[in-house]
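Residue numbering for the sequence shown follows this note's numbering, beginning at 910 and increasing consecutively.
For glycine and all other residues, C-beta sits at the position ideal for the given N, C-alpha and C.
Each remark here refers to the structure printed beneath this line.
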Amino acid sequence: MPATDPAATPNPSANALLHHPPDARLLLLNCDDLGRDESVNLAVIDAVRNGIAASCSLMTVCHAAPHALRLLRRHPDVPFGVHLTLVCESPHLRWGPLAARDRVPSLLDDTGGFFAPTPAGRSRLLERARLDHVEREFRAQIDAVGAAGLAPTHLDFHCLADGGREDILDLTLALGAEYGLAVRVWLPPALARMRRLGLPVVDHDFLDSFAVPLDDKPAHYARLLAALPPGLTEWALHPGLTGPDPRAPHDDGWHVRRTDHEFLVSPEAPRLLAEHGITVIGYRPLQEAWQRARERLTPDFPPPAGVPR
């Protein structure tokens, strides 16, 4: 291995592993929830192709996933990952496992669907989920992309930070190694583990746009960009196009999604990036860096033991 390889040094920085100078301000700007509905699909693709977003994450379990897959085939320049999903937050637009329900019963609530991502729902899921059932479902979700003739860049989680359990994260890291994908990691102590292995992960707090105040959101994003520190930061935004869903009168998620889309495609967004010297990246550079690190780390990243499909 050449001595100049940053991975050869102890705990190399994400900037070095991604071939950027130490003072570079890198923003990993990913749009989550592709596949949720057609409005979200159109907004996400627009935000990546015509806005400042650089990659996105697909929920293959959702009803609009086939529409999203058609859009991705039509626009092969759009990098995307698989938004691994074990919960369903929508009471009016239900989704469930891609694996046969009788093959993943520990992932299902009393109605036979996914648990809601409430504190109680998450707790119940994580208490009872068998790892072989999680693997079976995750493989089904990843393989749905391959069956469509598409190649993702990464794996991340829907409403379960770092998978919610250490063994689920370890499984996902192993699946990422098997499929050649990066994995979103953003909680300690997993971040420290990844850094010790020479894998690029975020240096700063992860931002989920559902936690961003709705009042004067463009000004809030502008302040965050002005204050963005050197190193790697990730924002997960959730663009959408339409107004409130009449089937969900108490759901204001549409407002989050519409204002995210408006900011991502606004003329002000690229101006702010240029003004503050920020480089936006997607998950493809991370995928390549994780692959380089795995070649060095093998056999520290073996594929998971197979379970019956």
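Limits of the beta strand (DSSP E) - the one that residue i falls within
| i | result |
| --- | --- |
| G990 | F989 to L993 |
| G1140 | G1140 to L1146 |
| S966 | S964 to L967 |
| V1189 | I1187 to I1190 |
Inter-residue spacing [alpha-carbon to alpha-carbon] between residue i and residue j
| i | j | result |
| --- | --- | --- |
| S948 | A1083 | 33 Å |
| S1175 | L1206 | 42 Å |
| A972 | A1049 | A small fix is needed here, since residue 972 is His in this sequence, not Ala. Near 15 Å, if we compare the C-alpha coordinates of A1049 and H972. |
| D1112 | H976 | 35 Å |
| D1018 | P1000 | 13 Å |
| E1235 | L1106 | Past the boundaries of the shown model lies residue 1235; the chain is included only from 910 to 1218, so the question cannot be answered. |
| G1021 | A1056 | 26 Å |
| A1101 | S922 | 11 Å |
| P1211 | T1151 | Because P1211 carries a pLDDT of 49, less than 50, the predicted location of this residue cannot be relied on, and the following value inherits that uncertainty. So the two alpha carbons sit approximately 44 Å from each other. |
| L978 | V1054 | 8 Å |
| P930 | Y1130 | 24 Å |
| L980 | R1193 | 19 Å |
| E1143 | Q1196 | 15 Å |
| S966 | L993 | 9 Å |
| G944 | A1120 | 21 Å |
| T969 | D1125 | 33 Å |
| G1162 | L927 | 34 Å |
| E998 | H1185 | 36 Å |
| L951 | A1038 | 33 Å |
| Q1164 | D946 | The sequence shown places His at residue 1164, rather than the Gln named in the question. So the two alpha carbons sit approximately 15 Å from each other. |
| F1023 | L995 | 6 Å |
| T1027 | W1004 | 16 Å |
| L1069 | V1094 | 11 Å |
Proximal residues to residue i (C-beta, below 6 Å), its chain only, five neighbours per side dropped
| i | result |
| --- | --- |
| A963 | L938, V1189, I1190 and G1191 |
| P1127 | F1172 |
| P1158 | Its pLDDT being 49, under 50, P1158 is placed unreliably in this model, and the value from its coordinates should be taken loosely. Answer for P1158: no residue qualifies. |
Contacting residues, own chain, Cβ-Cβ under 7 Å from residue i (five flanking each side not counted)
| i | result |
| --- | --- |
| D1169 | S1118, L1146, H1147 and P1148 |
| H984 | I954 and R958 |
| L1108 | W1199 and A1202 |
| A1099 | D1071 and L1078 |
| L1173 | A956, G960, I961, A962, L1146 and P1148 |
| G1073 | R1031 and L1035 |
| A933 | N924, P1139 and T1188 |
| A1091 | T1062, H1063, G1085, Y1192, L1195, Q1196 and W1199 |
| A920 | A small correction: the amino acid at residue 920 is Asn; Ala does not occupy that position in the sequence shown. Same-chain partners within the cutoff: R1104 and R1105. |
| P1122 | H1129 |
Range covered by the alpha helix (DSSP H) that runs through residue i
| i | result |
| --- | --- |
| W1163 | G1162 to L1173 |
| D941 | No alpha helix (DSSP H) holds D941; the beta strand (DSSP E) holding it covers R934 to L943. |
| I961 | No alpha helix (DSSP H) holds I961; DSSP gives it neither H nor E. |
| V970 | Careful: V970 lies outside any alpha helix (DSSP H) and carries neither H nor E. |
| E1197 | R1193 to L1206 |
| P1127 | K1126 to A1135 |
| E1177 | E1177 to E1184 |
Per DSSP, cross-strand counterpart(s) of residue i
| i | result |
| --- | --- |
| V1092 | L1064 |
| F1119 | None, per the DSSP bridge assignment. |
| L1017 | F1023 |
Contact set for residue i: own chain, Cβ-Cβ below 8 Å, skip 5 residues either direction
| i | result |
| --- | --- |
| L1040 | D1076, I1077 and L1080 |
Check your understanding: Counting pairs of beta carbons, one from the stretch 1013-1030 and one from the stretch 1087-1097, are three or more of them closer than 8 Å?
Key -> no
Check your understanding: Looking at C-beta atoms only, is the number of pairs between the stretch 1031-1039 and the stretch 1001-1009 that lie closer than 8 Å three or more?
Key -> no
Review point. Are there three or more Cβ pairs, one per stretch, closer than 8 Å when the stretch 981-998 is compared with the stretch 1049-1066?
Key: yes
Practice item. Evaluate contact between the stretch 1175-1185 and the stretch 1129-1141, counting only Cβ atoms and requiring at least three cross-stretch pairs below 8 Å. Key: yes
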